[in-house]
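See below for the structure under consideration.
In the working numbering, the protein residues as written are 1470 to 1624.
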């Protein structure tokens, strides 16, 4: 993606994020932050090493963005790479659940629960009952809209 398009899309999306305190109380905010500038391995186990190698080959560097929150149902991790983005700056992310009592070094991958489209390094809101994930997105026509994703185990 061309850098100017990424900046424009990010600027548009950041303008859409609610600053209303009541909205923040209606769910868990997952704000993605850059955690790996050129990853060869994902310590959280969300992205396979082959996925990251493919991103490095196609884009030059494999960046990983993550956000995590602890809830009574477990640790929710939102993870995103720069490898699957469209011209509007929307990139695929994965919301996974690490159940309580699961050691982080366990070789089993976290449970994939949703795969939203979001701006690179964007923000999502997980509903208080952990059944819906809401994002701010840009459609192919350039118009902003609110994305809504069911949260349940996916293959």
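Even for Gly, the Cβ is constructed at its ideal location relative to N, Cα and C.
Just so you know, the alpha carbons of residue 1596 and residue 1503 end up roughly 23 Å apart. For residue 1581, the secondary structure class from DSSP, reduced to helix, strand or coil, is strand. For residue 1523, the uninterrupted alpha helix (DSSP H) run begins and ends at 1518-1528, by DSSP.
Looking at the DSSP output, residue 1562 shares a beta bridge with 1549.
Taken through DSSP and simplified to helix, strand or coil, residue 1557 comes out as coil. Between the segment 1555-1564 and the segment 1580-1592, the count of Cβ pairs shorter than 8 Å is three or higher; the stretches touch.
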